[in-house]
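Trainee:
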Amino acid sequence: MTMSDRPTIALVGPGAIGTTVAAALHEAGRRPTICGRSAHERLTLEFDGGQIVVPGPVLTDPHGIRDKFDLVFVAVKSTQTASAAPWLSALCDARTVVCVLQNGVEQIDLFKPFASSGVVLPSVVWFPAQRESASSVWLRAAPRLTLPDVPAARVVASALRGTRCSVEVVDDFVSVAWRKLLQNAVAGLMVLTGRRAGMFSRSDITTLSLAYLRECLDVARAEGAKLGDDVPQQIVDGFHRSPPDLGTSILADREANRPLEWDCRNGVVQRRGRSHGIATPISDLLVPLLAAASDGPG
1 MTMSDRPTIA
11 LVGPGAIGTT
21 VAAALHEAGR
31 RPTICGRSAH
41 ERLTLEFDGG
51 QIVVPGPVLT
61 DPHGIRDKFD
71 LVFVAVKSTQ
81 TASAAPWLSA
91 LCDARTVVCV
101 LQNGVEQIDL
111 FKPFASSGVV
121 LPSVVWFPAQ
131 RESASSVWLR
141 AAPRLTLPDV
151 PAARVVASAL
161 RGTRCSVEVV
171 DDFVSVAWRK
181 LLQNAVAGLM
191 VLTGRRAGMF
201 SRSDITTLSL
211 AYLRECLDVA
221 RAEGAKLGDD
231 VPQQIVDGFH
241 RSPPDLGTSI
251 LADREANRPL
261 EWDCRNGVVQ
271 RRGRSHGIAT
281 PISDLLVPLL
291 AAASDGPG
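If you read the sequence shown in UniProt numbering, its first letter stands for residue 1, the second for the next number, and so on.
#1: Please work out which residues of its chain come closer than 7 Å, Cβ to Cβ, to Thr2, disregarding the five sequence neighbours upstream and downstream, and give them in chain order.
#2: Round the Cβ separation of Thr19 and Leu45 to the nearest angstrom and send it over; I've been treating them as touching at under 8 Å.
#3: State the DSSP-derived secondary structure class of Val219, mapped to helix, strand or coil.
#4: Identify every residue that forms a DSSP beta bridge with Leu45.
#5: Just to confirm before moving on: does the CB-CB distance between Val53 and Ala10 stay below 7 Å?
#6: Between the alpha carbons of residue 303 and His276, how many angstroms are there, rounded?
#7: Compute the beta-carbon to beta-carbon distance between Leu101 and Val119, rounded to the nearest angstrom, for a pair I have assumed lies under 8 Å.
#8: Can you give the Cα-Cα distance for Phe114 and Ser209, rounded to whole angstroms?
#9: Val97 lies in the beta strand (DSSP E); which residues open and close that run?
#10: Can you tell me which of Leu59, Gly50 and Arg30 puts its alpha carbon nearest to the alpha carbon of Glu41?
#11: Give the DSSP bridge partners of Phe73, in chain order.
#12: Could you spell out where the alpha helix (DSSP H) holding Pro32 opens and where it closes?
#13: Hey, could you find the ends of the alpha helix (DSSP H) Glu27 is sitting in?
#14: Does DSSP classify Leu246 as helix, strand or coil?
#15: Counting Cβ pairs, one atom from each stretch, are 3 or more of them under 8 Å apart for the segment 273-292 and the segment 225-240?
#16: Comparing alpha-carbon positions, which option in Gly194, Ala75 and Ser249 lies nearest Cys99?
#17: According to DSSP, is Gly298 part of a helix, a strand, or is it coil?
#18: Taking only three categories from DSSP, how would you classify Met1?
#19: Closest to Leu290 by C-alpha separation, out of Ile278, Ala256 and Leu251, would be which residue?
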C-alpha cells in the first residue's frame with residue numbers, strides 16, 4: 001500500500017477550520033492525530049441537521065510525539081505560524097506533505113523554514129466555520145478545499161476522498177488564491193466597523209468595497225492572477241447574498257481582542273503593490289488602521 005492509498009495523518013490547530021477537517025476525516029473512519037495548545041477530550045462539529053463528535057485527546061506536547069506522518073494539516077492562523085514550528089519538527093520528515101489550511105498567498109514562504117525537507121502544499125479554504133466554544137465549531141456550508149495541481153495534492157485528495165470535505169485540484173492555483181484573498185481583504189472592513197455581512201447592503205460601503213477590490217485586483221494581476229474585471233462586483237454581490245449575521249474570522253478575533261491576520265489578508269496587497277510600483281491609496285489607509293486594531297498600542 002502506497003502513501004497515497006492511506007496516508008497517516010496529523011492535524012495541528014483544532015480551531016474552526018482544523019476541527020472541520022478533523023471531523024470530516026473521523027466521520028469517514030480516518031482518525032487523525034490532533035495537536036494543539038489546549039487539551040480537549042473531544043471536538044464537536046455542529047451543522048444543520050446534526051453533529052460529529054471527534055474523540056480526543058488533543059495532544060499538547062510535541063516532545064511526546066514518537067512517529068512521523070505522511071500528511072500534516074496545519075490549521076493555525078498566520079499570527080500563530082511560529083508556534084507551529086515545534087509540532088512540525090516532531091511530526092514531519094522528508095516524505096511528509098504539509099498542507100497549510102491558512103489565509104493568504106504566502107503559505108509556502110511562511111512554512112518552508114519549519115517543515116524540515118518535506119513538501120509544503122498551499123490550499124484555499126472555501127467554507128465558513130466559526131468557533132462556538134473552546135471545543136465546538138459551527139459549520140455553515142459544505143467544506144471544500146482547492147489545491148494546486150502538483151503531486152503532493154494527490155496525498156491530500158486521497159486522505160479526504162469520500163468525506164464531506166471535497167477537494168478540487170486546479171492548474172491555475174495563483175488565480176484562485178488571489179481571488180480568495182480579494183474576498184478576505186474586503187471582509188477586513190468588518191473589523192473597522194464592528195459589523196457583519198449585512199453592512200455591505202449600504203450603498204456607501206458597496207462603493208468603497210468596489211474601489212478597494214479594484215485596487216487589490218491590479219496587484220493580483222501583477223502577481224500573475226488571471227482575474228476578470230467583473231471579479232470585484234462578483235465578490236460584493238456575494239456579500240449582498242450572505243446572511244446579514246455572517247461574520248469572518250478576522251472579525252471574531254477582533255471581538256475577542258486577539259491578534260489579527262491583517263498582514264496576510266490586507267498588508268500583502270500593500271507590500272506587493274509597492275514591489276510592482278502600483279499605487280494602493282485605499283490600502284495605505286486601511287492597513288495602518290487594521291494593524292493598530294490588532295497590535296495597538298492603546
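C-beta atoms are modelled at their ideal positions from N, C-alpha and C, and glycine is treated no differently.
Mentor: Per the coordinate set shown:
#1: Stepping through the sequence shown from its first residue, residue 2 is reached at position 2. Note that Thr2 scores a pLDDT of 46, beneath 50, so its modelled location is shaky; the value from the coordinates is reported in the next line. Taken in chain order, the list of residues that qualify is empty.
#2: Taking the first residue of the sequence shown as position 1, residue 19 is located at position 19. Taking the first residue of the sequence shown as position 1, residue 45 is located at position 45. About 6 Å separates the Cβ atoms of Thr19 and Leu45, confirming a contact at the 8 Å cut-off.
#3: For the purposes of this step, residue 219 is taken as residue 219 along the sequence shown, with counting starting at 1. For Val219, the three-state secondary structure derived from DSSP is helix.
#4: By 1-based counting over the sequence shown, the position of residue 45 is 45. Within the DSSP secondary-structure output, Leu45 pairs in a beta bridge with Ile52 and Val137.
#5: Taking the sequence shown and counting its residues from 1, the one referred to as residue 53 is at position 53. Taking the sequence shown and counting its residues from 1, the one referred to as residue 10 is at position 10. Not a contact, by the Cβ cut-off of 7 Å.
#6: Lying outside 1 to 298, the shown extent of the chain, residue 303 is not represented and no answer is given.
#7: Taking the sequence shown and counting its residues from 1, one reaches residue 101 at position 101. Taking the sequence shown and counting its residues from 1, one reaches residue 119 at position 119. Cβ atoms of Leu101 and Val119 stay farther apart than 8 Å, at about 15 Å.
#8: In the sequence shown, counting from the first residue as 1, residue 114 sits at position 114. In the sequence shown, counting from the first residue as 1, residue 209 sits at position 209. If you take the alpha carbons of Phe114 and Ser209, they lie about 36 Å apart.
#9: On the sequence shown, residue 97 is found 97 positions in, with the first residue counted as 1. From DSSP, the beta strand (DSSP E) with Val97 extends over Val97 to Val100.
#10: Stepping through the sequence shown from its first residue, residue 41 is reached at position 41. Sorting Leu59, Gly50 and Arg30 by C-alpha distance to the C-alpha of Glu41 places Leu59 at the top.
#11: For the purposes of this step, residue 73 is taken as residue 73 along the sequence shown, with counting starting at 1. Under DSSP, Phe73 shares a beta bridge with Leu11 and Cys99.
#12: Looking up residue 32 in the sequence shown gives position 32. From DSSP, Pro32 is part of no alpha helix (DSSP H); its letter is neither H nor E.
#13: By 1-based counting over the sequence shown, the position of residue 27 is 27. Per DSSP, the continuous alpha helix (DSSP H) segment holding Glu27 begins and ends at Ala16 to Glu27.
#14: Looking up residue 246 in the sequence shown gives position 246. Residue state, collapsed to three classes: coil.
#15: With a cut-off of 8 Å on Cβ pairs, the segment 273-292 is not in contact with the segment 225-240, counting fewer than three such pairs.
#16: For this step, residue 99 is matched to residue 99 along the sequence shown. Answer by Cα proximity: Ala75.
#17: Numbered from 1 along the sequence shown, position 298 holds the residue referred to as residue 298. Here Gly298 sits in coil by DSSP.
#18: Locating residue 1 in the sequence shown gives position 1, counting from the first residue. Low confidence applies to Met1: its pLDDT is 33, below 50, so where it sits in the model is not reliable, and the reading given next is rough at best. Note: Met1 maps to coil in three-state DSSP.
#19: For the purposes of this step, residue 290 is identified with residue 290 of the sequence shown, where counting begins at 1. With respect to the C-alpha of Leu290, the residue from Ile278, Ala256 and Leu251 having the closest C-alpha is Leu251.
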